[in-house]
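Chemist:
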Amino acid sequence: MNAPSITTAAQTQAVTRSFDLNAALKDAFKTTLITLGLSIPILAYRTDQAGADLFLTPRWGLVAIVCAIVFGLRLVLHAFTASRAYGKATPSARQATEAVHATPSAFQHVSRFALPMFLGVALFFPLIIYLIQGGLTESRYWVDLGILILTYVMLGWGLNIVVGLAGLLDLGYVAFYAVGAYTYALLSTTFGLSFWICLPLAGILAAFWGMILGFPVLRLRGDYLAIVTLAFGEIIRLVLINWVDVTGGGAGISSIPRATFFGIPFTAGEGGFAQTFGLEFNSMHRMIFFYYLILALALITNFVTMRLRKLPVGRAWEALREDEIACRSLGINTTNTKLTAFAIGAMFGGFAGSFFAVRQGFVSPESFNFLESAIILAIVVLGGMGSQIGVAIAAIVLVGGPEILRNLTFLQSVFGAGFDPNEYRLLLFGIGMVAMMVWRPRGLISEREPSVILKERKAISGSLVKEGHG
Amino acid sequence: MEIFVQQLINGLTLGSIYGLIAIGYTMVFGIIGMVNFAHGDVFMLSAFISLIFFLILTTWLGISSVALALLIVLVIAMALTSLWGWAIERIAYRPLRGSFRLAPLISAIGVSIFLSNFVQVSQGARNKPTPPMVQDVIVLFQGASGYNVALSYKQIIIMIVTAVLLTIFWYLVQKTSLGRAQRACEQDRKMAALLGINVDRTISLTFVIGAALASVAGTMYLLYYGVVSFNDGFVPGVKAFTAAVLGGIGSLPGAVLGGLIIGLIETFWSAYFSIEYKDVAAFSILAIVLIFMPSGILGRPEVEKV
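Line by line, the protein sequences give chains A and B.
Numbering-wise (my numbering), the first sequence opens with residue 1336 and increments by one.
Numbering-wise (my numbering), the second sequence opens with residue 338 and increments by one.
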C-alpha cells in the first residue's frame, strides 16, 4: 500500500518560458464543465419544504458564480505552476550545496524568539484584552475565545502523544474527553466532590479507559486502528445517550457545580472571591480564573510531553512511529509502549474534559461526536504531527479562524442578508484538511526536532525527505 | 415465528443496501489499500441527487409512472454520483499516492466532512421527506395472532435491483478487460503498470464503479425510508464498512455477504433486544471483527512483508 507511484512521476512537463495560455484555457474550461456536472442537482435546485411536500427552488445564478470562480482559480493555478516550473528549471546555487549536516533552518531561527513571545502573549492575554477593550465585561468575548482555543491546544497536545509521537492514529480521542467531562459531572452532582478532587480522578479514569480501549487494538495498525478507535468513540457516545439512568441521556447533566478559587466561590455575596480580595464583583473574575486554569493545564501537558520525549518511553514512542517492526526487533516492548501512549494521551483528554464540564456547567453527549475527534485530529495533523508549537498554531488557526468567519458580515452585502459565513466553517475545514494533505502532508511545521542528539546535529531522514514515506 | 419471517425480509432488504455500499469500500481498499472514509457521504449525496431528480420528474415533467421515474432517476443518479466519485479521487486521493500511510485516510475524513457540510449548506439541515413512491404490499401469510407477514413492493424492487446490478457488476469484473486490469492492479500495482495497464485510469474507474453502486444504494435508501438528511451518510457508511470487513475486505462476494449479515443482525437486534443499541451492536461487530478476524469470512489473510 506504500508503493511509490510510477505513473504520477510520468507527468514531467516541458518547461517553457512562455505560458501556454491556450492549453490553460482549455483545461480551465474542462474543469468548469466538471464543476457544472457536479453542481447540477445539489447546487442548482434547493429542496424546500412547504407543509408535507417538498418543492424545488432553482438557483442557476449560484451555479454560474461557482463555475466562474472555479474557472478563474484553475487559470490562476496554471499560471502559478508555470511560473514555479520555470523557477525550478533554473536552480539556485544553494540547492546544489545542501549539506548533510543540518544547519538550523529558518523555523529554528524564528522559534528562538517566537516561543517566548507566544508564551508571553498567552500569559498576559486577559490583561492585553482588558487594556484594548477598556473593561472587564467588554473583554468577555475574547477571554471566552482564549479559553476555547486553549482547550483545543490542550486536547491537541494530548492527542499529539498518541498520534504525533507514537504514530497511532486515534479517531476516538473525544471518548476520553467525554470520560473526563462525565466523571466530573457525575462525581460532583452525586457525591458533591470538588473540582480539585475530581480533576485527578477524571485523569486517572480516562487513562484507565485509554488502557481498556488500547488493549484490544494492540495488534492493529494504520487504517484499521483508526477505524476501531472511531468505533470505540461512537460506542461510548451511544452509551452516554442511551444509558439514561446514569448519564441523563441526550438531555445531559446540567447544573454542575462551578469551580471555586481554591475554596472561595465566585459569588457576589459574603465570603465570595470579589469580597475577599476587596474587588468589585464581576462575573468575569471566574472567566479569567478559567483562562489561567486551562493555560496551566495546557502548559503542564506540554511540559510533561516534552519531558516524556526525553525518557526511554518517549524515545520508544518515536521509534514506534517510525517503524514498528524495527522497534520490536530491537527489543522494545511494543505492548507497553502503545499502552502508555494511549493511557497518557487519554489522561490529558480526561483533564481537558473535566475542565470542559466545569466551564460549561453542562455536559451532553452531543458535545462528544465524531466531528470533535476529527477537529482535534486535524489540529494535530495540521500542526505537523509531533511538533508542539505547530499544534498550538494549528489550534489557533482552526478554532480562532472560524471566529473571524463569524465576523465577516460584509459578505452579507454581497450574497444577501440570509448569508451566514459561519455555516461554511466545516466546509472550509474539510477543504483545508484535504488541501493540507495534498500540499503539506507533514503539517505547517514539518520540522521534527530530534529528542536526543549524539555529539552533533545531523540531518535525519525526516528532514531530508520532506514529504517522505513515514 | 411471524415476526421472525418479517424481520428476515426487512433484514435482507437493509442488507442489500449495505452490500451495495460495502462494494465501494472493499474495491477501493483492495486496489489502493485505503479506507475511503468519504464513501458513506457519497452515498448520502446520491440519495439527495435521486431526491431532486425524482421531484423534477414527477412535479415538473409530470411523469406519473413511478417505475419509469425510478428507472430514469437511477440512471441519472448513477452518472452524476460517478462524476463525484471520479472528482473526489482526482482531487483528494490521487495526489497522495506515495505520501505517508495515513495521508489518504485523513484526506478522506476531510472529504467526508466537506460533503456532509456541503449538502447541509446547499440543501438545508432538515430531514427531507419524499412523497411515498411505492406503497403496495403483498401479504404473504397471516399469523395466528393476526400479525401479517408482508412483503412490500419496494422491498421486492430493492432486492431485484440489487441482484441485477450485482450480476452486471460481477460480469464486469470477472469477464471484461477492465475487470482484468482492475484485478491485476489489486494484486500488484507496479507490475501491472509495467505490463502496460494504465493504473491511474483503473483506480479512477474503481472509484467510479464504487460511487455508481453507492448511488444505487442511495436511491434504494430513499425509496425504502422515504426520508434523507445531510448526516445520513456517516452511520450507514460505517455499517457498510463493517460489512466489507466482516465479509473479508477486498472480496466482492464477501462484501455482499457481509452486508446481508449486518442487515440481518441490525434488524434482529432491534426487534429482539433494544432498538436504542442497534448502532452500538454494529460498531461492536466492527471492532470485534477487526480485532479478532481481520481477514473476515471470505478474505485472504494479509501477509505482512518487511
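Built from N, CA and C at the ideal position, the CB exists for glycine as well.
What residues of chain B sit near residue 1694(A), judged by a beta carbon separation below 9 Å?
Modeler: Within 9 Å Cβ-Cβ: nothing; residue 1694(A) doesn't reach chain B, min ~25 Å.
Chemist: Can you tell me where the alpha helix (DSSP H) holding residue 1623(A) begins and where it ends?
Modeler: Note, residue 1623(A): alpha helix (DSSP H), 1619-1645.
Chemist: Alpha helix (DSSP H) containing residue 475(B): first to last residue?
Modeler: No alpha helix (DSSP H) contains residue 475(B), which is instead part of the beta strand (DSSP E) from 474-479.
Chemist: Against chain B, which members of the region 1485-1513 of chain A pass a CB distance test of less than 9 Å?
Modeler: So the close ones are 1498, 1502, 1504, 1506.
Chemist: Look at the alpha carbon of residue 622(B) and the alpha carbon of residue 488(B), and state the distance between them as a whole number of angstroms.
Modeler: So the two alpha carbons sit approximately 28 Å from each other.
Chemist: Quick check on residue 1461(A) - is its C-beta less than 7 Å from some C-beta in chain B?
Modeler: No, no contact with chain B.
Chemist: Reducing DSSP to helix, strand and coil, say where residue 1381(A) ends up.
Modeler: Reduced to three states, the DSSP call for residue 1381(A) is strand.
Chemist: Inspect the beta-carbon positions of residue 1315(A) and residue 627(B) and report whether they are closer than 7 Å.
Modeler: One cannot answer for residue 1315(A) here, as it falls past the ends of chain A, which runs 1336 to 1805.
Chemist: Which value, in whole angstroms, describes the spacing of the CA atoms of residue 1672(A) and residue 1409(A)?
Modeler: Approximately 47 Å between the Cα atoms of the pair.
Chemist: So the beta strand (DSSP E) residue 485(B) belongs to, where does it begin and stop?
Modeler: Note, residue 485(B): beta strand (DSSP E), 485-489.
Chemist: To the nearest angstrom, how far is it from the Cα of residue 393(B) to the Cα of residue 400(B)?
Modeler: One C-alpha to the other measures close to 9 Å.
Chemist: Following the continuous beta strand (DSSP E) through residue 1391(A), name the residue where it begins and the one where it ends.
Modeler: Per DSSP, residue 1391(A) belongs to the beta strand (DSSP E) from 1388-1393.
Chemist: If I follow the unbroken alpha helix (DSSP H) through residue 1569(A), where does it start and stop?
Modeler: Residue 1569(A) -> alpha helix (DSSP H) spans 1557-1577.
Chemist: By DSSP, does residue 1365(A) sit in helix, in strand, or in coil?
Modeler: Helix.
Chemist: Inspect the beta-carbon positions of residue 1655(A) and residue 1649(A) and report whether they are closer than 7 Å.
Modeler: No; because the gap between Cβ atoms is not below 7 Å, this pair is not in contact.
Chemist: For residue 465(B), which of helix, strand or coil comes out of DSSP?
Modeler: Residue state, collapsed to three classes: strand.
Chemist: Name the chain A residues whose beta carbon is nearer than 8 Å to that of residue 571(B)?
Modeler: In chain order: 1705.
Chemist: Would you report the Cα separation of residue 1576(A) and residue 1517(A), rounded to the nearest angstrom?
Modeler: Using only the alpha carbons, I get a separation of about 12 Å.
Chemist: Cβ of residue 1508(A) within 7 Å of Cβ of residue 1711(A)?
Modeler: It is a contact, given that the beta carbons lie within the stated cut-off.
Chemist: State buried or exposed for residue 444(B), treating a residue as buried only when at least 16 other CB atoms are found within 10 Å of its CB.
Modeler: Classification of residue 444(B): buried, given that the 10 Å Cβ count is 16 or more.
Chemist: To the nearest whole angstrom, what separates the beta carbons of residue 371(B) and residue 442(B), a pair I think is in contact under 8 Å?
Modeler: At roughly 6 Å, the Cβ-Cβ gap stays under 8 Å, so residue 371(B) and residue 442(B) are in contact.
Chemist: Measuring CB to CB, does residue 451(B) end up less than 7 Å from residue 1766(A)?
Modeler: Yes, the Cβ-Cβ distance between residue 451(B) and residue 1766(A) is below 7 Å.
Chemist: Could you give the distance in angstroms between the alpha-carbon of residue 1709(A) and the alpha-carbon of residue 447(B)?
Modeler: Roughly 9 Å separates the two Cα atoms.
Chemist: At the level of alpha carbons, what is the spacing between residue 1727(A) and residue 467(B)?
Modeler: Going by the C-alpha atoms only, they are around 46 Å apart.
Chemist: Give a yes or no on whether the C-beta atoms belonging to residue 1478(A) and residue 1451(A) are separated by under 7 Å.
Modeler: Taking 7 Å as the Cβ cut-off, residue 1478(A) and residue 1451(A) do not qualify as a contacting pair.
Chemist: Using the Cα positions of residue 376(B) and residue 558(B), report the straight-line distance between them to the nearest angstrom.
Modeler: Cα-Cα distance, rounded: 15 Å.
Chemist: Using a Cβ-Cβ cut-off of 7 Å (strictly less than) and excluding sequence neighbours within five positions of residue 1681(A), which residues of its own chain qualify?
Modeler: Within the same chain, residue 1681(A) has close Cβ partners 1511, 1541, 1542, 1544, 1545.
Chemist: DSSP has residue 1464(A) in a bridge; who is on the other side?
Modeler: According to DSSP, which records beta bridges pairwise, residue 1464(A) is partnered with nothing at all.
Chemist: Report the CB separation of residue 1677(A) from residue 1497(A) in whole angstroms; it is logged as a contact under 8 Å.
Modeler: So it is a contact: roughly 6 Å between Cβ atoms.
Chemist: Three-state secondary structure (DSSP) at residue 1698(A)?
Modeler: Looking at residue 1698(A) - three-state DSSP - the assignment turns out to be strand.
Chemist: Go ahead and pull the three-state DSSP assignment for residue 1612(A).
Modeler: Coil, per DSSP.
Chemist: With 8 Å as the C-beta to C-beta threshold (strictly closer), list the residues of the region 1539-1570 of chain A near chain B in chain order.
Modeler: Those residues of the region 1539-1570 of chain A that come within reach of chain B (Cβ to Cβ, closer than 8 Å) are 1551, 1552, 1554, 1555, 1557, 1558, 1559, 1561, 1562, 1563, 1565, 1566, 1567, 1569, 1570.
Chemist: Quick one: measure Cβ to Cβ for residue 1585(A) and residue 1700(A), integer angstroms, because I've assumed they're closer than 8 Å.
Modeler: Residue 1585(A) to residue 1700(A), Cβ: 6 Å. Contact.
Chemist: Pick from 497(B), 618(B), 429(B), 562(B): whose alpha carbon is nearest that of residue 1775(A)?
Modeler: Looking at the Cα atoms, 429(B) is the closest of the given residues.
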